[in-house]
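Numbering of the sequence shown is given in the numbering used here, commencing with residue 38 and proceeding in unit increments. The C-beta atom is built at its ideal place from N, Cα and C for all residues, glycine as well. Predicted model, so just to flag it, every value in this text is computed and none were measured.
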Amino acid sequence: MKKTFILIIILLLSGLPSLNSRSLNFKVGLFSPVLASDLWDINMENLVFQKEDMMDLWYGIEYEHFMGKNLSVTLEAGTYSQSVFSQYSEFVYDDDSPIYQNMYLSITSLDFNFKLYPLGFRRVFIPFFGGGAGIYSWKYEQWGDFIDFEYGSVNEGFADTSEYSLGFNARGGFIFRFKRYMGISFEAKYHYLKGTLSSFFEGFEKLDLSGLTFNIGLNIYFR
C-alpha cells in the first residue's frame with residue numbers, strides 16, 4: 038500500500054506544470070503528542086506518566102515542486118519514536134518494590150501537501166501556509182507487569198499494534214532565504230491521526246496519534 042501511494046504521488050508530480058524550480062528541504066523538530074484517547078488517559082491515571090514524556094524529535098525530508106510563484110506541491114516523509122519506562126503510581130509489590138510497565142510509540146509519515154506563498158517564494162523573507170493528507174505507519178507497544186484488578190494479581194505481559202492509517206495535516210511558517218539556492222525554514226505543523234488498536238486492546242477506542250511539531254529546516258533550491 039505504501040509503495041503504491043509513493044508511485045501515485047511521483048506520477049502526479051511528474052505531470053504538473055512548474056517554473057522548473059524545486060527544492061529539497063531537510064527538517065528536524067520537536068513532536069508534542071495530544072494523547073486524547075482513553076488508553077492514554079488510563080495510562081496517565083495509573084502510571085508515573087505525563088504527556089511530556091512522549092515528546093521527542095521528529096525528523097523529516099520534503100521534496101517541493103513549485104507550480105507558480107505562490108503555489109507548490111510537496112511530498113514529505115517524516116519519522117518519530119519514543120520509549121517511556123514507567124511504573125504504577127499507587128501500587129507496589131508486597132515487599133514495596135515497584136511494579137514496572139513500559140510504552141513505545143513510533144510514527145512514520147508520507148504526506149502529499151499544498152503550500153501557499155502569499156508574497157511569492159523568490160524573496161528573502163517568505164511566509165507560507167498549507168496542508169495535506171498522507172499515509173502514516175505507526176506502532177504502539179506496552180509491556181511489563183500488568184495488574185489484574187478483578188483478581189488482584191500481577192502478570193507479566195506484552196501487547197502491541199502495528200498499522201497504517203490515513204492522516205491529515207495543517208502547517209504554517211516562514212523561510213529566511215539568505216542565499217539564492219539556500220534558506221532556513223521555521224514551521225509549525227499539526228497532524229490529525231487516529232488508529233485502530235489490535236485485539237490486545239479490546240474495548241478501547243481508537244488511539245489518538247495526533248500532535249504538534251515545531252520544525253527548523255534547511256531548504257536547498259535547484260533554481
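Whole-angstrom distance between residue j and residue i, CA atom to CA atom
{"i": "TYR96", "j": "GLY171", "result": "16 Å"}
{"i": "HIS228", "j": "ARG59", "result": "24 Å"}
{"i": "GLU193", "j": "PHE251", "result": "37 Å"}
{"i": "LYS29", "j": "TYR130", "result": "Nothing in the structure corresponds to residue 29, since the chain is present only between 38 and 260."}
{"i": "LEU203", "j": "LEU244", "result": "13 Å"}
{"i": "TRP180", "j": "ILE136", "result": "12 Å"}
{"i": "MET140", "j": "VAL71", "result": "16 Å"}
{"i": "ASP182", "j": "LYS176", "result": "20 Å"}
{"i": "GLY115", "j": "ARG260", "result": "25 Å"}
{"i": "GLU178", "j": "GLY167", "result": "32 Å"}
{"i": "ARG208", "j": "ASP93", "result": "19 Å"}
{"i": "GLU200", "j": "LEU153", "result": "32 Å"}
{"i": "ARG159", "j": "ASN107", "result": "10 Å"}
{"i": "PHE149", "j": "LEU61", "result": "14 Å"}
{"i": "PHE162", "j": "PHE186", "result": "58 Å"}
{"i": "LYS88", "j": "ASP78", "result": "10 Å"}
{"i": "TYR218", "j": "PHE195", "result": "50 Å"}
{"i": "SER190", "j": "THR233", "result": "28 Å"}
{"i": "GLY105", "j": "PHE151", "result": "12 Å"}
{"i": "TYR188", "j": "ASP132", "result": "19 Å"}
{"i": "GLU239", "j": "GLN138", "result": "19 Å"}
Beta-bridge partners of residue i, as assigned by DSSP
{"i": "ILE184", "result": "VAL191"}
{"i": "GLN179", "result": "MET140 and ALA196"}
{"i": "ILE257", "result": "LEU61 and MET219"}
{"i": "TYR227", "result": "ALA207 and LEU249"}
{"i": "SER148", "result": "Sequence check: residue 148 is Asp here, not Ser. According to DSSP, ASP148 bridges with GLU113 and GLY171."}
{"i": "GLY97", "result": "LYS64 and GLY115"}
{"i": "TYR201", "result": "SER174"}
{"i": "ILE163", "result": "ILE212"}
{"i": "PHE122", "result": "ASN139"}
{"i": "PRO70", "result": "GLY248"}
{"i": "PHE103", "result": "SER109"}
Test item: CB-CB of residue i and residue j under 9 Å
{"i": "PHE213", "j": "SER222", "result": "yes"}
{"i": "PRO164", "j": "PHE103", "result": "no"}
{"i": "LYS226", "j": "ASN206", "result": "yes"}
{"i": "GLY220", "j": "LEU255", "result": "yes"}
{"i": "SER118", "j": "ILE144", "result": "yes"}
{"i": "SER174", "j": "THR198", "result": "no"}
{"i": "THR111", "j": "GLY157", "result": "no"}
{"i": "GLU127", "j": "ASN80", "result": "no"}
{"i": "PHE294", "j": "SER74", "result": "Residue 294 lies beyond the range of the chain shown here (38 to 260); nothing can be said about it."}
{"i": "VAL121", "j": "PHE68", "result": "no"}
{"i": "TYR125", "j": "GLU113", "result": "no"}
{"i": "LEU246", "j": "LEU76", "result": "no"}
{"i": "SER134", "j": "ASP90", "result": "no"}
Residue i classed as buried or exposed, judged by whether at least 16 other C-beta atoms fall within 10 angstroms
{"i": "ILE257", "result": "exposed"}
{"i": "PRO155", "result": "exposed"}
{"i": "SER146", "result": "buried"}
{"i": "LYS39", "result": "Because the pLDDT at LYS39 is just 46, under 50, the model does not fix this residue reliably, and the value given afterwards should be weighed accordingly. That one is exposed."}
{"i": "SER109", "result": "buried"}
{"i": "GLU224", "result": "buried"}
{"i": "LEU49", "result": "Unreliable placement is indicated for LEU49, whose pLDDT of 49 sits below 50; no coordinate value is reported for it."}
Cβ distance (whole Å) where residue i is taken to contact residue j below 8 Å
{"i": "LYS184", "j": "GLY66", "result": "Looking at the sequence itself, residue 184 is Ile, so the reference to Lys does not match. Contact flag wrong, Cβ pair sits at about 36 Å."}
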